[in-house]
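2 protein chains.
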Amino acid sequence: MKNCEILVIGAGAVGVFFHSRLAKANENAKVSVIARSDYDHVKAYGYNICSPDEDIHFMPSAVFRDVSDYDRKADFVIVCTKVLPGIDIPELIRPAVSEDTSIVLIQNGIDIESGVAAAFPDNELISGIAYVGVARSQAGRIEHTDGGRLKLGVYPQGRSGKLEALAEMYRKSDIPTEIFDDIIRVRWEKLVWNTSYNPVSVLTRSNTAQIMNDPDCETLIRGIMEEICLIAEAAGWKQRDGIVDEMLAYTRQFRPYKPSMLVDYEQGRKMEIEAIIGNPLRTAQHYGIDVPHIQSVYAIIKLLSHSSTKI
Amino acid sequence: MKNCEILVIGAGAVGVFFHSRLAKANENAKVSVIARSDYDHVKAYGYNICSPDEDIHFMPSAVFRDVSDYDRKADFVIVCTKVLPGIDIPELIRPAVSEDTSIVLIQNGIDIESGVAAAFPDNELISGIAYVGVARSQAGRIEHTDGGRLKLGVYPQGRSGKLEALAEMYRKSDIPTEIFDDIIRVRWEKLVWNTSYNPVSVLTRSNTAQIMNDPDCETLIRGIMEEICLIAEAAGWKQRDGIVDEMLAYTRQFRPYKPSMLVDYEQGRKMEIEAIIGNPLRTAQHYGIDVPHIQSVYAIIKLLSHSSTKI
């Protein structure tokens, strides 16, 4: 079987978690990474990924400091960066994209694909959503606490043989991977949870259990979820009936959990406010839908995120 | 002219500011105060009130550590405490209220009178709203930055000779004082500003100029203001047309200003969340009015205010 060249861009916790496993389980997969802040460490020692039941060491096929250093022909360029206003993904990945490269975006939020699709109209674009609890604790070291599933689909819709082959590689690595013909609907489904719990946890400095113990906050969470469902439906991606009650019940059984946006806020890192809250709000405005809970939360968290240097 | 015995309860910045001036300008007014944390200092040295154009020294007619120590017959018991869930105003003032005592509440928020009215059905109850920028900077010392007006009315409505006499004493002290037959309407008017700027400034850590520079925050402020107008109208206190645009324009010309709730939050003091946000929300629920902006802001600030010891 011929080699499969994979380049992971944004080799943070999510990118390293999935592709270290993929590389271990698929001998023909040659996984290279772009490492910036921890380049020297990773080049010398690779990564250690510490899970509850096992520790994995992973030495990439090649480590590059910059995408322009990449000297291979990528079958897959897999982008696992956060979605932040300052990061121009098409410009970032361009040096590594050749004629037959499939571009894979494993990222949060909505409306994250269109810029890449427009910049590379002739390349296959795969949209992916990760469900995993991981964090980088130091150079070259990733802590994995729970989960580790993927949902993938061709953007804007459909499936392909190459996507099937990629999914098969993940599955061979014990990563449950589902393919969807309507991956955008799945993105909206994830937003039902993300657009509600993420900002509310930041604004209240509270974990999921503390939020669910407060009836007024539960009302707010429900309000945001119902608004996301309204926007999704207007955009053509109606969610299944009962999804809001289902997600509330699901979250109520969690152990107390800190949403990733709260972790980012506490550690002084940038939050994915536009991908997760601003983009659905703009979609609502496009369709003329009134979403006052989302509007309130967006206005507050956006100004808060700029306020560290203020007053 | 016979003496007028006045007891100020909650001798913080607001109470001391107005009644030091009143005592100076009205020889027959005997102003006593309840001083708790700074009792020894005030008993020995009185208060210094520092305004931009003058400093006033004020020695109360008498200083008491506790209301139960009060040994006179009060013509007016004037309550200037913050409105916080832990403070039972009727129990607090009971020792000082006799047959002919008028009770005056100079406090923020809505629905703050009913408990006192029920506890003292035979006493006149006067409801008052202060417009002043003052803060206590240390024991016995008050900093006055701007304003200093009062709006007063008999609760639930009307006016009285005794109220006229009190207002006249304030006016003699150069405190512009207006009497309203419908003071509750004026309370709702003040809420249009308070329920919007106060919590939004806390949640965004921003002053009024920073809020007004962000179009999404201005939209949120407007949304809250319009919801307060809807609730006020349902409760029988319709606000004048154009009040929302008027208040936005008025605030836009301010020098950058930190609302008092933000100052309380930054200094670790309790915020008047229920009087200013919770009570109007409950009024909305009573009348079946949907107020999603207020609901969002209330849920967030209430949980945030409990979160210092959390996670």
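Keeping their order, the protein sequence lines are chains A and B.
Position in the first sequence (from 1) plus 652 gives the number in this note's numbering.
Position in the second sequence (from 1) plus 652 gives the number in this note's numbering.
Where a beta carbon is used, it is the ideal one built from N, C-alpha and C, also for glycine.
Keep in mind that this is a model prediction, so the values were computed, not measured.
Pull the bridge partners of residue i from the DSSP assignment, please.
i	result
residue 790 (chain B)	B:793
residue 939 (chain B)	Residue 939 (chain B) pairs with nothing; no bridge assigned.
residue 657 (chain A)	A:682
residue 775 (chain A)	BP columns for residue 775 (chain A) are empty, so no partner.
residue 708 (chain B)	B:701
residue 784 (chain B)	B:799
residue 714 (chain B)	B:684
If the cut is a Cβ gap below 9 Å, which residues of chain A does residue i touch?
i	result
residue 945 (chain B)	944, 945, 947, 948
residue 929 (chain B)	What residue 929 (chain B) touches in chain A: nothing, since even the nearest Cβ is about 10 Å away.
residue 954 (chain B)	856, 866, 868, 869
residue 769 (chain B)	Here the premise fails: no neighbours, minimum Cβ distance about 27 Å.
residue 675 (chain B)	Result: empty, since nearest Cβ-Cβ is about 36 Å, beyond 9 Å.
residue 663 (chain B)	None at all; the shortest Cβ gap to chain A is about 29 Å.
residue 901 (chain B)	Those do not exist, as residue 901 (chain B) stays about 19 Å from chain A at its closest Cβ, beyond 9 Å.
residue 726 (chain B)	Chain A residues near residue 726 (chain B): none, gap ~39 Å exceeds 9 Å.
Can you say whether residue i is buried or exposed, counting buried as having 16 or more other CB atoms within 10 angstroms of its CB?
i	result
residue 961 (chain A)	Low confidence applies here, because residue 961 (chain A) scores a pLDDT of 43, under 50, leaving its location unreliable; read the following figure in that light. Its Cβ having fewer than 16 others within 10 Å, residue 961 (chain A) is exposed.
residue 901 (chain B)	exposed
residue 906 (chain B)	exposed
residue 861 (chain A)	exposed
residue 822 (chain B)	buried
residue 813 (chain A)	exposed
residue 738 (chain B)	exposed
residue 726 (chain A)	buried
residue 931 (chain B)	buried
residue 803 (chain B)	buried
residue 736 (chain A)	exposed
residue 922 (chain A)	exposed
residue 673 (chain A)	buried
residue 828 (chain B)	exposed
residue 667 (chain B)	buried
residue 866 (chain B)	buried
residue 642 (chain B)	No answer is possible for residue 642 (chain B): the residues shown for chain B start at 653 and end at 963.
residue 689 (chain A)	exposed
residue 839 (chain A)	buried
residue 761 (chain B)	buried
residue 963 (chain B)	Low confidence applies to residue 963 (chain B): its pLDDT is 40, below 50, so where it sits in the model is not reliable, and the reading given next is rough at best. Residue 963 (chain B) should be labelled exposed.
residue 783 (chain A)	exposed
residue 805 (chain A)	buried
residue 797 (chain A)	exposed
residue 816 (chain B)	exposed
List the residues of chain B whose Cβ lies closer than 8 Å to the Cβ of residue i, in chain order.
i	result
residue 802 (chain A)	None at all; the shortest Cβ gap to chain B is about 29 Å.
residue 782 (chain A)	Per Cβ cutoff of 8 Å: no residues; residue 782 (chain A) is ~24 Å from chain B at best.
residue 817 (chain A)	Result: empty, since nearest Cβ-Cβ is about 43 Å, beyond 8 Å.
residue 681 (chain A)	By Cβ distance, chain B contributes nothing, its closest Cβ being about 39 Å from residue 681 (chain A), past 8 Å.
Which chain B residues sit within Cβ distance under 7 Å of residue i?
i	result
residue 787 (chain A)	The premise fails here: residue 787 (chain A) is roughly 16 Å from chain B at the closest Cβ pair, so nothing lies under 7 Å.
residue 959 (chain A)	856, 857, 858
residue 687 (chain A)	Under the 7 Å cutoff, chain B gives no residues; its nearest Cβ is about 31 Å from residue 687 (chain A).
Measuring only from the beta carbon, is residue i closer than 7 Å to any heavy atom that is part of the ligand COA?
i	result
residue 947 (chain A)	Within the structure as shown, the ligand COA is missing, as the structure has no ligands at all.
Give the interface partners of residue i over in chain B, defined as CB-CB distance under 9 Å, in chain order.
i	result
residue 791 (chain A)	Chain B residues near residue 791 (chain A): none, gap ~27 Å exceeds 9 Å.
residue 936 (chain A)	What residue 936 (chain A) touches in chain B: nothing, since even the nearest Cβ is about 13 Å away.
residue 748 (chain A)	Per Cβ cutoff of 9 Å: no residues; residue 748 (chain A) is ~36 Å from chain B at best.
residue 714 (chain A)	Those do not exist, as residue 714 (chain A) stays about 40 Å from chain B at its closest Cβ, beyond 9 Å.
residue 696 (chain A)	Under the 9 Å cutoff, chain B gives no residues; its nearest Cβ is about 36 Å from residue 696 (chain A).
Just by C-beta distance, which residues in the segment 868–899 of chain A are closer than 7 Å to chain B? Listed by position, the residues of the segment 868–899 of chain A near chain B (Cβ gap below 7 Å) are 868, 869, 871, 872, 875.
Note down, in chain order, all residues in the segment 840–866 of chain A with a beta-carbon under 8 Å from any beta-carbon belonging to chain B. For the segment 840–866 of chain A, which is checked against every Cβ of chain B, the residues closer than 8 Å are 852, 855, 856, 857, 858, 859, 862, 863, 866.
Please go through the segment 798–881 of chain B and give each complete alpha helix (DSSP H) segment of 4 or more residues, from N-terminal end onward. Runs found: 813–824, 835–856, 860–864.
Suppose only complete runs of 4+ residues qualify. What are the alpha helix (DSSP H) ranges in the segment 724–770 of chain A, listed by chain order? If we require 4 residues or more, the alpha helix (DSSP H) runs fully inside the segment 724–770 of chain A come out as 741–745.
For the segment 881–963 of chain A, list the alpha helix (DSSP H) runs that are entirely contained and at least 4 residues long, ordered along the chain. The segment 881–963 of chain A contains these whole alpha helix (DSSP H) runs: 895–905, 912–918, 931–938, 944–957.
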